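The structure appears below as structure tokens.
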Amino acid sequence: EEADLVELVQQAADAFRAGRPDHPLTVTTGSRPVRLRLDVLRVRQVLDNLLANAAVHTPAGTKVSVSVAVSSGTAEVRVSDSGPGIPAADQAQVFDRFYRVDKARSRDRGGSGLGLAVVRSLVRAHGGTVELTSEPGETTFTVRLPLGRLIA
Ligand code: ATP
Ligand code: MG
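Okay, here's the thing in structure tokens:
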């Protein structure tokens with residue numbers, strides 16, 4: 001269906017603020033809607049998974065931000081946090097099913113290691129890509145959805 005990515009991000013941000021009050025969230029969007037043909041529930045699942053990770057895998061007080069922009073043929077959503085980061089050696093594997101960086105610690109938090117595998121398959125189903133950059137103090141997941149799906 002047709003939906004506004006900006007509105008979807010704002011809804012996910014509202015839910016995050018209600019559920020994760022100990023992680024301050026900043027939202028950055030342009031003033032115009034970014035209307036795309038997309039599956040609202042699945043894109044919401046992508047946003048919720050990335051935002052949950054930014055809270056669950058970082059200490060309380062860690063800043064989280066989400067942005068939407070339109071750039072060089074794609075709609076871009078970025079979810080960033082100022083947490084400890086993902087070691088370079090693990091970055092390629094975090095999208096694999098059941099992969100968790102620190103299994104002992106992650107077990108306490110009850111994660112199964114499926115979230116990012118689901119994110120990647122849902123993004124690909126939309127013809128998009130998801131990539132990760134991370135260093136201590138800054139982790140960013142960038143989701144790109146083709147602007148060919150933009151509705152004028
Ligand atoms: P699930 O999402 O299934 O509940 P999970 O969060 O452990 O479990 P993924 O979302 O697939 O699984 O993430 C895989 C691993 O990547 C996590 O276990 C964690 O080690 C690491 N990770 C993901 N996001 C972050 C982040 N923002 N900061 C630090 N580590 C992260
Ligand atoms: Mg997760």
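With our numbering, letter number 82 in the sequence shown gets 82, and the count goes up by one each step, no holes.
Built from N, CA and C at the ideal position, the CB exists for glycine as well.
Note that the structure is a prediction, hence the values are computed from the model and not measured.
Taking 7 Å as the cut-off, decide whether the C-beta atoms of residue i and residue j are in contact.
i	j	result
Thr-129	Val-68	no
Leu-47	Ala-12	yes
Phe-95	Arg-120	yes
Val-79	Val-66	yes
Leu-122	Arg-42	yes
Gly-85	Ser-31	no
Gly-113	Tyr-99	yes
Ser-71	Gly-137	no
Pro-21	Lys-63	no
Arg-44	Glu-2	no
Could you tell me if the beta carbon of residue i falls within a distance shorter than 6 Å of some heavy atom in the ligand MG?
i	result
Gly-111	yes
Where do the N-terminal and C-terminal ends of the alpha helix (DSSP H) with residue i fall, by residue?
i	result
Ala-75	Unbroken run through Ala-75 is the beta strand (DSSP E), 74 to 81; no alpha helix (DSSP H).
Ser-121	115 to 125
Phe-38	The sequence given here has Leu at residue 38, not Phe. No alpha helix (DSSP H) holds Leu-38; DSSP gives it neither H nor E.
Ala-89	88 to 91
At a cut-off of 6 Å, is residue i close to the ligand HEM when judged by its beta-carbon and the heavy atoms of the ligand?
i	result
Leu-116	Ligands displayed in this structure: the ligand ATP and the ligand MG; the ligand HEM is not among them.
Would you say the beta carbon of residue i is closer than 6 Å to some non-hydrogen atom of the ligand ATP?
i	result
Val-94	yes
Gly-83	yes
His-126	no
Val-40	no
Arg-100	yes
Thr-142	no
Ala-54	yes
Thr-133	no
His-23	no
Where do the N-terminal and C-terminal ends of the beta strand (DSSP E) with residue i fall, by residue?
i	result
Val-27	25 to 28
Asp-4	2 to 4
Ala-69	64 to 71
Leu-147	That residue, Leu-147, is in no beta strand (DSSP E); it is neither H nor E in DSSP.
Ser-134	129 to 135
Using a C-beta cutoff of 7 Å, does residue i count as contacting chain C?
i	result
Thr-133	Within the model displayed, chain C is absent; a lone protein chain is all it includes.
Q. Three or more beta-carbon pairs under 8 Å between the segment 136 to 148 and the segment 89 to 103, yes or no?
A. Between the segment 136 to 148 and the segment 89 to 103, the count of Cβ pairs shorter than 8 Å is below three; the stretches do not touch.
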